[in-house]
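Enquirer: For reference, the structure I am asking about is given below.
Number of protein chains: 10
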Amino acid sequence: MLYLVRMDVTPPRDMDPEEFARIKAREKDYALALQRDGRWRHIWRVVGEYSNYSIFDVAGNDELHRILQDLPLFPYMRIAVTPLATHPSDLAAQ
Amino acid sequence: MLYLVRMDVTPPRDMDPEEFARIKAREKDYALALQRDGRWRHIWRVVGEYSNYSIFDVAGNDELHRILQDLPLFPYMRIAVTPLATHPSDLAAQ
Amino acid sequence: MLYLVRMDVTPPRDMDPEEFARIKAREKDYALALQRDGRWRHIWRVVGEYSNYSIFDVAGNDELHRILQDLPLFPYMRIAVTPLATHPSDLAAQ
Amino acid sequence: MLYLVRMDVTPPRDMDPEEFARIKAREKDYALALQRDGRWRHIWRVVGEYSNYSIFDVAGNDELHRILQDLPLFPYMRIAVTPLATHPSDLAAQ
Amino acid sequence: MLYLVRMDVTPPRDMDPEEFARIKAREKDYALALQRDGRWRHIWRVVGEYSNYSIFDVAGNDELHRILQDLPLFPYMRIAVTPLATHPSDLAAQ
Amino acid sequence: MLYLVRMDVTPPRDMDPEEFARIKAREKDYALALQRDGRWRHIWRVVGEYSNYSIFDVAGNDELHRILQDLPLFPYMRIAVTPLATHPSDLAAQ
Amino acid sequence: MLYLVRMDVTPPRDMDPEEFARIKAREKDYALALQRDGRWRHIWRVVGEYSNYSIFDVAGNDELHRILQDLPLFPYMRIAVTPLATHPSDLAAQ
Amino acid sequence: MLYLVRMDVTPPRDMDPEEFARIKAREKDYALALQRDGRWRHIWRVVGEYSNYSIFDVAGNDELHRILQDLPLFPYMRIAVTPLATHPSDLAAQ
Amino acid sequence: MLYLVRMDVTPPRDMDPEEFARIKAREKDYALALQRDGRWRHIWRVVGEYSNYSIFDVAGNDELHRILQDLPLFPYMRIAVTPLATHPSDLAAQ
Amino acid sequence: MLYLVRMDVTPPRDMDPEEFARIKAREKDYALALQRDGRWRHIWRVVGEYSNYSIFDVAGNDELHRILQDLPLFPYMRIAVTPLATHPSDLAAQ
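Respectively, the protein sequence lines represent chains D, S, C, B, F, Y, H, P, A and E.
Going by our numbering, the first sequence opens with residue 12, and the numbers climb by one from there.
Going by our numbering, the second sequence opens with residue 12, and the numbers climb by one from there.
Going by our numbering, the third sequence opens with residue 12, and the numbers climb by one from there.
Going by our numbering, the fourth sequence opens with residue 12, and the numbers climb by one from there.
Going by our numbering, the fifth sequence opens with residue 12, and the numbers climb by one from there.
Going by our numbering, the sixth sequence opens with residue 12, and the numbers climb by one from there.
Going by our numbering, the seventh sequence opens with residue 12, and the numbers climb by one from there.
Going by our numbering, the eighth sequence opens with residue 12, and the numbers climb by one from there.
Going by our numbering, the ninth sequence opens with residue 12, and the numbers climb by one from there.
Going by our numbering, the tenth sequence opens with residue 12, and the numbers climb by one from there.
Structure representation (structure tokens):
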């Protein structure tokens, strides 16, 4: 099941930059692992913003929430989730 | 080059339903053709709304505008375009 | 899987009232049937507005979209869908 | 009488994590107690956000305010309350 | 129980002015009757707008919705309802 | 002359709680005094929020501003003022 | 007493242009008369928009509402009223 | 003096397409003439929307308003004007 | 050339009150001087808010920006500028 | 390829002013260099705000993101990017 997720990151101003860098590194590993297992299907950078749009393919709402909640950068993110359905004009659905 | 595009359709209340059905059929053919040639990479239905999120892979801004402007449903759409860049955590970009 | 759905109805000004009454009657039958089979778990009226909040329990995004799209009042509705997950403080989840 | 309540939590950045964990534990006990006595009917997690939608069944406005105001996490919450009425299509109201 | 209700009226452009005048006359009688029985406590005009703020004192959500829904101008109104509770600084509550 | 005033309070996170309690006590005395002399006609708590709606009956704009500006909690408030006029359906105005 | 008033005009599409021109002429006479008697102190065009910002100097809320409500263009306007008070840095108030 | 102007066009649904085409042709001639005399410095299409961003270089507010108000498409436009000043990092201003 | 300018002040919480009082005093002197030379034509307090609406009469965009940028309170302000043109119903413009 | 970019700067309150001045100096050098090589085509100050509108002419989305992300003031900016296409009324496109 597919979801479009927008993530806007606001780095904490009062955190030691090296600590934040470690969090970002853990975030990247986390994202790469989920992409390898196919659940994080796409991740794109929004031009000009510390934000991304991603497509998740997961079992359902609960699984998606667990994945998002465990993002190392979750405490510094504003997240918006849009559930997606198959579009009648989707070539793959013909 | 990638763009996220949201399209919200507001069907014209005063149009003959059959005429609108013809426009929608042309829209579907148009979308399928662009998906076949790879420029309209993804199209997903927003759950509960007469809207879609799509990913376009085109040469640039001008080509995207031509494609969108020629959508048969363009006169009945509100469209928002978000330019996308490669994300540092994109598995494919490692 | 649970979703919170808000529906705002804007009756068409130029429709014969009796025809709209028939659509509303079909809407009610449709809602009652889905409540009987357990997929439309709750429906509440928003005080003062021609709107409702509902809870749907369905297999996933695609099923929810089919249900909403087939609402007789769908063409006269603005719909917002919020996917829900189990809350850690939910008594039933302890 | 029913109310839909949305709660968005913004954890205080400058609080000792253990202290905040204690507040969250008190919040959970508080929520479980109110669910047991039937006033806090439902609580669902909004996917991807530190937020919940809840349904309260209380005597009226004043009681609901007391309950919400005494939430241990109240100082870190933004709350929106929507009063609900019986919907004409509610199966239980036929 | 008290509620603050904002009503914004958008007169229908295509209605015979006399018919709309009759609806407004029925609206006024309806409002006066509810003020006499104490349920419509206050009604004030928002300066410069075809809108009012009103205070209702009713048994609860369902009664308020019935009252609002039966407003003759209801089909031409956008309504926002804010449930009110006793304020700790309210002189009458000391 | 009547005004509807909404006040949203955001307590300062970094203030000693006792000092803020003293400010709140002064605020309450201030509100009670103005209610006794009739200028602060009504004060209601917005359910679930650290906010109130109030009705002021004062000589005019300047007096209202002085009253609001001197609120002990003014520095921690967001205030919105709506000037009110007599409504043609007001029972008292018939 | 001073008020800042913003007026946004949306001309009715389905009205005979000459009839609308007559309404605009009446609007102009109305505005000129109020400027001559000092109650409509200033009127400025918002660059690029069929809108104006005006300053009214009137006895109070009720008078302002009567003036605005009697604007010939009132049915085609969206109006926002901001009550103004004397500013401590106003040269005239020193 | 420079201004950034955004123009959003909403074509009238009930107008004969040929008549609208004539208005658009007059609009184009109007725009080309102003570009030739240097007052309409830039005009860009917003990708995906019937909108443009333009840069005007005119004597001041009044001249800009006259130019915009005389746009053949003005009645079908929503316009937003942002006055621009010289930026300290502007190469030309060094 | 005329501009309507709204200024919203958010006092810095962590500044020594006396230092902020000095900045406010410089702001007042600055405003009085510009009013004396006719460029700061009007300044009004928005009732209930630490905000003002002002009318500036200056040579153009660049001069207005210099004036606003040099406001002692500029770092603590959110400013919105609306360029104004002569209104056809302005008595002075007849 | 052209993009309109709006940048709103919020200076960090808790940074040593001299350090921030150094960042601004680096920002200026960065902007001047990009203007010299033609990629940063225009930069204008938004009157009254610590903001600018700029026009970039770059190869595409990825290049624009790299340029924006490397802005010394990037951490203190909110950025909005609008992709632009050739307008049919653009004199240069005739």
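Ideal Cβ positions, reconstructed from N, Cα and C, are used throughout, including at glycine.
#1: Under 8 Å between C-beta atoms, does residue 76/A make it to chain E?
#2: When the Cα of residue 82/Y is compared with those of 56/Y, 49/Y and 44/Y, which residue comes out closest?
#3: Since residue 18/B sits in a beta bridge, which residues does DSSP pair it with?
#4: Could you say which of 105/P, 58/P, 87/P and 50/P lies nearest to residue 24/P if we only look at CA atoms?
#5: Applying the criterion that 16 or more other CB atoms from any shown protein chain within 10 Å of the CB defines a buried residue, is residue 21/H buried or exposed?
#6: If you draw a straight line from the alpha carbon of residue 31/B to that of residue 55/B, how long is it in whole angstroms?
#7: Figure out for me which residue from 33/Y, 64/Y, 36/Y and 68/Y has the closest Cα to the Cα of residue 49/Y.
#8: At least one CB of chain B closer than 8 Å to the CB of residue 21/C: is that the case?
#9: Please confirm if residue 79/Y has its CB atom under 8 Å from at least one CB of chain A.
#10: Counting only the same chain and skipping the five closest in sequence on each side, list residues whose C-beta sits under 6 Å from that of residue 64/P.
#11: Secondary structure at residue 98/P, three-state DSSP: helix, strand or coil?
#12: Contact defined as beta carbons within less than 8 Å: I believe residue 12/F pairs with residue 103/F. What is the distance between those atoms, to the nearest angstrom?
#13: Tell me where the beta strand (DSSP E) around residue 56/A begins and ends.
#14: For residue 97/C and residue 97/F, I'd like the C-alpha separation in whole angstroms.
#15: What residue from 100/A, 95/A, 85/A and 99/A has the CA that sits closest to residue 14/P's CA?
#16: Would you mind sorting residue 60/Y into buried or exposed? The rule is 16 or more other CB atoms within 10 Å of its CB.
#17: For a cutoff of 8 Å on Cβ pairs, would you count residue 60/Y as touching chain B?
#18: Comparing C-alpha positions only, which one of 100/F, 51/F and 57/F sits nearest to residue 76/F?
#19: Do residue 121/P and residue 92/E have their C-beta atoms closer together than 8 Å?
#20: Checking 8 Å against the spacing of the C-beta atoms, do residue 90/C and residue 79/C come in under that value?
#21: Mind checking whether the beta-carbon of residue 24/F lies closer than 7 Å to any heavy atom of the ligand SAH?
#22: Just how far apart, CA to CA, sit residue 36/H and residue 33/P?
#23: Residues of chain E with CB under 7 Å from residue 92/A, in chain order?
#24: With a cut-off of 8 Å on the beta carbons, I'd call residue 62/A and residue 39/H a contact; round off their distance for me.
#25: Please decide whether residue 49/E counts as near chain S, where near means a Cβ-Cβ distance under 8 Å.
#26: Counting only beta-carbon separations shorter than 8 Å, does residue 72/P have a partner in chain E?
#27: On a Cα-Cα basis, can you pick out the residue from 28/B, 72/B and 42/B that is closest to residue 85/B?
#28: Under 8 Å, Cβ to Cβ, is there at least one residue of chain Y near residue 69/B?
#29: Alpha carbon to alpha carbon, what distance is there between residue 72/A and residue 47/A?
#30: I need the straight-line Cα distance from residue 105/A to residue 74/P, nearest angstrom please.
#31: Compile a chain-ordered list of the residues in the segment 13 to 37 of chain E whose CB is closer than 9 Å to at least one CB of chain A.
#32: List the residues that DSSP assigns as beta-bridge partners of residue 25/B.
#33: Rounding to the nearest angstrom, what Cα-Cα distance links residue 26/D and residue 27/B in this structure?
Expert: On the basis of the supplied data:
#1: Yes, its Cβ sits closer than 8 Å to a Cβ of chain E.
#2: With respect to the C-alpha of residue 82/Y, the residue from 56/Y, 49/Y and 44/Y having the closest C-alpha is 44/Y.
#3: As DSSP reads the structure, residue 18/B sits in a beta bridge with 63/B and 90/B.
#4: The shortest Cα separation from residue 24/P among 105/P, 58/P, 87/P and 50/P belongs to 87/P.
#5: It counts as exposed.
#6: Taking the Cα positions, residue 31/B is about 21 Å away from residue 55/B.
#7: Residue 49/Y has its Cα closest to that of 68/Y, out of 33/Y, 64/Y, 36/Y and 68/Y.
#8: No, residue 21/C does not count as interfacial toward chain B.
#9: At least one chain A Cβ lies under 8 Å of residue 79/Y.
#10: Only 17 and 55 meet the Cβ criterion.
#11: Here DSSP, grouped into helix, strand and coil, assigns residue 98/P to coil.
#12: The C-beta separation of residue 12/F from residue 103/F comes to about 15 Å, leaving the pair out of contact by the 8 Å criterion.
#13: The continuous beta strand (DSSP E) containing residue 56/A extends over residues 51 to 57.
#14: About 34 Å.
#15: The residue among 100/A, 95/A, 85/A and 99/A with its C-alpha nearest the C-alpha of residue 14/P is 95/A.
#16: With 16 or more other CB atoms across the displayed protein chains lying within 10 angstroms of its CB, residue 60/Y is buried.
#17: Chain B, which has a Cβ nearer than 8 Å to the Cβ of residue 60/Y, makes this yes.
#18: Here the closest residue by C-alpha is 51/F.
#19: Because chain P is modelled from 12 through 105, residue 121/P falls outside the range shown and cannot be assessed.
#20: The Cβ atoms of residue 90/C and residue 79/C lie closer than 8 Å to each other.
#21: Judged by which ligands are present, the structure shown has none, so any question about the ligand SAH falls away.
#22: Counting only the Cα atoms, residue 33/P lies some 29 Å from residue 36/H.
#23: What residue 92/A touches in chain E: 58 and 59.
#24: At roughly 32 Å, the Cβ-Cβ gap does not stay under 8 Å, so residue 62/A and residue 39/H are not in contact.
#25: Interface residue (Cβ-Cβ distance to chain S less than 8 Å): residue 49/E is not classified as such.
#26: So, not an interface residue.
#27: Of the listed residues, the one whose Cα sits closest to residue 85/B is 42/B.
#28: Interface residue (Cβ-Cβ distance to chain Y less than 8 Å): residue 69/B is not classified as such.
#29: Roughly 20 Å between the two C-alpha positions.
#30: Pairing residue 105/A with residue 74/P, the inter-Cα distance amounts to about 18 Å.
#31: Of all residues in the segment 13 to 37 of chain E, 22, 24 and 25 have a Cβ within less than 9 Å of some Cβ in chain A.
#32: Per DSSP, none; premise fails for residue 25/B.
#33: If you take the alpha carbons of residue 26/D and residue 27/B, they lie about 14 Å apart.
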